[in-house]
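Numbers given in the numbering used here equal positions in the sequence shown, counted from 1, plus 4. No residue lacks a Cβ here, since even glycine has one placed at the ideal position from N, Cα and C. Predicted, not measured: the structure shown is a model, and the values here were computed from it.
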Amino acid sequence: MNDIWWQTKGEGNCHLVLLHGWGLNAEVWHCITAELASHFTLHLVDLPGYGRSQGCGAMPLEAMAERVMAQAPEQAIWLGWSLGGLVASTAALRYPSRVQALVTVASSPCFSAREEWPGIKPDVLANFQQQLSSDFQRTVERFLALQTLGTDSARQDARLLKSVVLAQPSPSLEVLDAGLEILKTVDLRDALSALRLPFLRLYGRLDGLVPRAIVPLLDEHLPHSESRVFPKAAHAPFISHPGEFCEALLALKAQLGN
């Protein structure tokens with residue numbers, strides 16, 4: 005079994021596993037690692053098949069979570085952004101004794117729009133899948149642009165995300181397609197309703213991929229969780245509002261008594 009790329013930094017007594025989103029890699033956390041490393045021991049991961057974890061092929065969600073858990077510390081806060089939120093949630097559901105708290109960022113337990121559930125229209129995700137094979141670069145760039153749309157720093161944030169993609173090897177079409185398939189088909193809403201871990205959900209009010217309309221629905225469906233919406237952020241609040249983002253994590257750390 006090929007190990008996935010993993011970097012540990014920081015000296016805090018609380019471990020924090022950081023999982024990136026679709027098409028990207030762990031470099032996406034660069035803007036907050038210096039601040040967080042003085043409070044946490046950070047575990048920066050390239051998900052299987054992404055970035056420097058090229059030895060892994062396309063995997064279903066459960067296999068991705070298992071692969072990350074195999075290298076994870078015995079106890080940690082698990083934070084996942086977007087697709088990474090599904091991986092972190094699956095790890096928490098499968099190994100609750102090893103997850104101190106779950107944090108999802110601009111993520112949804114069900115990304116695809118369903119009856120009475122707001123999300124990405126299935127045909128939009130299907131179009132992305134079709135376009136990947138014909139124009140990989142442009143499709144990924146379009147997806148990145150969607151993630152920052154509407155914020156005051158949209159262009160700058162989109163450039164940063166693009167530089168993160170280009171800084172490391174590109175995922176294969178199979179890996180990217182499998183990631184979109186996860187976003188299109190997975191629904192963890194009912195499974196997460198049974199989770200009793202500390203659970204913090206962070207959102208951007210301007211997010212074009214995870215609509216803010218899901219926040220009150222999940223507040224009701226997951227009453228043991230807590231939500232926070234960053235008013236001027238979109239899909240990448242840790243890039244557009246790093247200070248506020250880190251404050252939210254430090255508040256969680258204090259709640260856990262670390």
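Contacting residues, own chain, Cβ-Cβ under 7 Å from residue i (five flanking each side not counted)
i    : result
E66  : T94
F132 : T143, F147, L184
H43  : G16, L254, K257
R193 : P113, C114, H225
A182 : A62, M63
Residue i burial status per 10 Å Cβ neighbour count (16 or more: buried)
i    : result
W59  : Correcting the residue identity first, residue 59 is Gly in this sequence and not Trp. The residue is exposed, with fewer than 16 neighbouring Cβ atoms inside 10 Å.
D223 : exposed
H24  : buried
L136 : buried
S268 : Given that the chain is displayed from residue 5 to residue 262, the structure contains no residue 268 and the question cannot be resolved.
L22  : buried
G208 : buried
Which of helix, strand or coil DSSP assigns to residue i
i    : result
V214 : coil
G84  : strand
R102 : helix
V190 : coil
S116 : strand
W26  : coil
T108 : strand
N262 : coil
H228 : coil
G61  : coil
Q133 : helix
L201 : coil
G183 : helix
Range of the contiguous beta strand (DSSP E) that encloses residue i
i   : result
H19 : 18-23
Residues that DSSP places opposite residue i in a beta bridge
i    : result
Y207 : V233
Q11  : L48
I2   : For residue 2 there is no data in the structure shown, the boundaries of the chain being 5 and 262.
Bounding residues of the alpha helix (DSSP H) (the contiguous stretch that carries residue i)
i    : result
K257 : 246-259
L65  : 65-75
E39  : 34-41
T143 : 140-152
R163 : 158-171
Own chain partners of residue i with C-beta closer than 8 Å, once the 5 adjacent residues on each side are dropped
i    : result
L213 : S86, A110, F115, I124, L150, Q151, H239
V168 : L28, N29, E31, V32, H34
E70  : R98
Residues near residue i by beta carbon distance below 6 Å, same chain, minus five either side
i    : result
P202 : A105
M63  : P52
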